[in-house]
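Have a look at the structure below before the remarks.
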Amino acid sequence: MAEQTGAEHGRRGAVLLAEGDAVAREVLTDLLASRFEAVHTAENLEQALDVHAGNPLAMALVAARLPGGASSLAMALRRGDARLPFFLTGAPEDILALLTTVSLPGVRLAIRPFDPLSLGAALDEALEEIAAKRLAEEAWDLTRHLLDDAPQPMAILGAAKLVFCNRALLRFMGLQSFHEFSARGLSLERFLADAPPQGGLAAWMRRLEEDPLDREHRLRLAHPDRPGQPAHVFQAAVTPLPGHDRRLLTLTDVTELELERRELLDLANLDPLTRAINRRKLAEVLADEAARADRYGAPLSLVLLDIDHFKAINDTHGHEAGDTVLVELAGRLRATLRQVDRLARFGGEEFVVVAPGVGLEATAELAERLRQAVADKNFATAGRVTASFGVAERAPGEDPERALGRADKALYRAKNSGRNRVERDATPQTQK
Numbered sequence: 001m002a003e004q005t006g007a008e009h010g011r012r013g014a015v016l017l018a019e020g021d022a023v024a025r026e027v028l029t030d031l032l033a034s035r036f037e038a039v040h041t042a043e044n045l046e047q048a049l050d051v052h053a054g055n056p057l058a059m060a061l062v063a064a065r066l067p068g069g070a071s072s073l074a075m076a077l078r079r080g081d082a083r084l085p086f087f088l089t090g091a092p093e094d095i096l097a098l099l100t101t102v103s104l105p106g107v108r109l110a111i112r113p114f115d116p117l118s119l120g121a122a123l124d125e126a127l128e129e130i131a132a133k134r135l136a137e138e139a140w141d142l143t144r145h146l147l148d149d150a151p152q153p154m155a156i157l158g159a160a161k162l163v164f165c166n167r168a169l170l171r172f173m174g175l176q177s178f179h180e181f182s183a184r185g186l187s188l189e190r191f192l193a194d195a196p197p198q199g200g201l202a203a204w205m206r207r208l209e210e211d212p213l214d215r216e217h218r219l220r221l222a223h224p225d226r227p228g229q230p231a232h233v234f235q236a237a238v239t240p241l242p243g244h245d246r247r248l249l250t251l252t253d254v255t256e257l258e259l260e261r262r263e264l265l266d267l268a269n270l271d272p273l274t275r276a277i278n279r280r281k282l283a284e285v286l287a288d289e290a291a292r293a294d295r296y297g298a299p300l301s302l303v304l305l306d307i308d309h310f311k312a313i314n315d316t317h318g319h320e321a322g323d324t325v326l327v328e329l330a331g332r333l334r335a336t337l338r339q340v341d342r343l344a345r346f347g348g349e350e351f352v353v354v355a356p357g358v359g360l361e362a363t364a365e366l367a368e369r370l371r372q373a374v375a376d377k378n379f380a381t382a383g384r385v386t387a388s389f390g391v392a393e394r395a396p397g398e399d400p401e402r403a404l405g406r407a408d409k410a411l412y413r414a415k416n417s418g419r420n421r422v423e424r425d426a427t428p429q430t431q432k
């Protein structure tokens, strides 16, 4: 076993030449010496395994008829580094015989007798691949270092797979390393506080990258093992990266800004006392739901309710107690409504429920449940309180304000019929 070294500029790493034939070994050593910092030669399997065990290799040339068995050396080299550039040398029949016994994907062939020019060109091509691989690895190491130092959570997705996330994102997820993320079989979707975007995060990122309007895109993330903690809101930005379908996702925490924005929206859209939507927002909700109902041919119904004898509550218990009744009543109503229903304070002691997707019969049943939620349990500051309800279903194409007017007439009948009851609109539901 011998080693030849040199100091010529541009040489790359070390190469293993495992060749039992002395003449072939000399020819190949001359070709390799000008291209590698060190040429480790081995005359048999045992020597080659010693070289492999003690030296990092950039390439290997192995004779098909290596004493001791070329197949055993090939498998050992592949186990050490499946991407190691690998040349199999020898006569065509010897190479063919070996390849019928062992699988060597990506192997290059050097056929004897050797042509120094063509073999040198093949070696140079393999060396260029080594240099490109090393450059890519160095660039990847630099990229990871820069991303790890960034304060914002960042991730790289290749196709539909997460291939890297930086320290800031790992800290948010409560993990020590990306290896732990992979070993536990986690996905970024697992940390979404909302349902995953259509097609998954990778498809969402492609859509975001192609958005010509450059709109704000936000993700809400929460740790699934910390249910008591509120979700964080992140502004998302996507940057395309070199390589096949790779993108960098950068997340900027805007939770505080989102809270401030929601507070401003609340001031504009919510009744400050009951936290029900206000009358201005109700008009917007009615228009949106009416358009949606017409688009999908779905029903839309309305409930108008009014607290019975509310003036007497204020006169008997005081206006502060009256306000408390309004707050408690709104809470009882919300607890009874469906998730898609909207509760609005119409004015004073009147409230409106917008009930999309259900007709008059089902909405009347909903109103009856609301009536019971109000009447069946005493209020903290006023004792027993009741309310009257009017229900109407919007006709296709009808202005929702007209449907609300019909609910008001039904409410008037409920008041005149003894209060604490539900009355339905009797108008036929035809095009208005």
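If you count the sequence shown from 1, position 347 lands on 347 in our numbering, and the numbers rise without skipping. Positions of the beta carbon are idealized from the N, C-alpha and C atoms, including for glycine. Quantities reported herein were computed from a predicted structural model and do not represent experimental measurements.
Of all alpha-carbon atoms in 305, 151, 158, the one lying nearest the alpha-carbon of residue 170 is that of 151. A distance below 8 angstroms between beta-carbons, with the five flanking residues on each side excluded, links residue 36 to the following residues of its chain, in chain order: 11, 12, 13, 14, 15, 58, 59. Separation of the CB atoms of residue 236 and residue 220 is rounded to 11 angstroms, and the pair is thereby denied contact status at 8 angstroms.
Annotation: residue 186 is outside any beta strand (DSSP E) and is labelled neither H nor E by DSSP. Residue 384 and residue 426 have their C-alpha atoms some 30 angstroms from each other. DSSP lists 218, 252 as the bridge partner or partners of residue 235.
Beta bridge pairing from DSSP links residue 161 with 158. Distance from the Cα of residue 373 is smallest, within the candidate group 337, 210, 390, for 337. Annotation for residue 172: no beta strand (DSSP E) segment contains it, though the alpha helix (DSSP H) segment containing it runs 167-173. When the Cα atoms are used, residue 94 and residue 163 turn out to be separated by approximately 42 angstroms. Considering only 64, 51, 114, the residue with the shortest C-alpha distance to residue 23 is 114. With a minimum length of 4 residues, the unbroken runs of alpha helix (DSSP H) contained wholly in the segment 299-346 fall at 310-317, 319-336. Counted as a single uninterrupted DSSP element, the stretch harbouring residue 90 is not any alpha helix (DSSP H) but the beta strand (DSSP E) occupying residues 86-90.
In this structure, residue 64 places its C-beta atom within 8 angstroms of the C-beta atom of residue 70. Only buried fits residue 274, as 16 or more other CB atoms lie within 10 angstroms of its CB. DSSP places residue 206 outside any beta strand (DSSP E); the residue lies instead in the alpha helix (DSSP H), whose first and last residues are 200-209.
The three-state reading of DSSP puts residue 23 in helix, counting H, G and I together.
For residue 107, no beta strand (DSSP E) segment is defined, and its DSSP state is neither H nor E.
Scanning its chain for C-beta atoms nearer than 7 angstroms, with the 5 sequence neighbours on each side dropped, one finds around residue 175 the residues 181, in chain order. Note on geometry: alpha-carbon atoms of residue 83 and residue 18 lie some 18 angstroms from one another. Short of 7 angstroms from the beta carbon of residue 92, and not among the five residues preceding or following it, lie these beta carbons of its own chain, in chain order: 111. Assigned with DSSP and collapsed to three states, residue 144 falls in helix. In the same chain as residue 330, and ignoring 5 residues on each side of it, the C-beta atoms closer than 6 angstroms to its own belong to 274, 276, in chain order.
When the Cα atoms are used, residue 191 and residue 392 turn out to be separated by approximately 42 angstroms. Straight-line spacing of the CA atoms in residue 116 and residue 243 works out to 35 angstroms. In the assembly as shown, residue 259 is an exposed residue. Its beta-carbon has fewer than 16 other beta-carbons within 10 Å. In the three-state reduction of the DSSP assignment, residue 286 falls in the helix class.
In the three-state reduction of the DSSP assignment, residue 51 falls in the helix class. Residue 302 sits close to residue 403, with the two beta carbons spaced by under 8 angstroms. Taking the Cα positions, residue 232 is about 20 angstroms away from residue 147. Rounded to the nearest angstrom, the gap between the Cα atoms of residue 229 and residue 193 is 11 angstroms.
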